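J.:
Residue numbers (this note's numbering): 73 to 168.
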């Protein structure tokens, strides 16, 4: 049986693609998933003990930023929904 995430939050990231004669931006929508021992974002896994903090800047009806502070540096993601429930769940997991 597959492990179910404790919390899930939608995120987006952009990637610049440069072709032979043009440059364009591709948008990817995915989910940040919190488990008891890690946070998964697509193929990236961050063990809970390597995640130092999660912070964000967000205003309702605007695109905001979520920052995942890890031992590998700070990763930033675009968000369009309040991440507070996800962060609260992370804090509970982090304390255990």
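Glycine included, each C-beta is placed from N, C-alpha and C at the ideal position. Everything numeric in this text was worked out from a predicted model, so none of it was measured.
Tell me the residue span of the beta strand (DSSP E) that contains residue 165.
T.: From DSSP, residue 165 is part of no beta strand (DSSP E) but of the alpha helix (DSSP H) over 156 to 167.
J.: Can you tell me where the beta strand (DSSP E) with residue 126 in it begins and where it stops?
T.: 123 to 129 is the span of the beta strand (DSSP E), which, as asked, contains residue 126.
J.: Identify the continuous beta strand (DSSP E) that holds residue 110 and give its terminal residues.
T.: 110 to 113
J.: Is it true that the CB of residue 150 sits closer than 8 Å to the CB of residue 137?
T.: Closer than 8 Å, so yes.
J.: Alpha carbons only, please: which of 152, 107, 96 and 101 is nearest the one belonging to residue 133?
T.: 152
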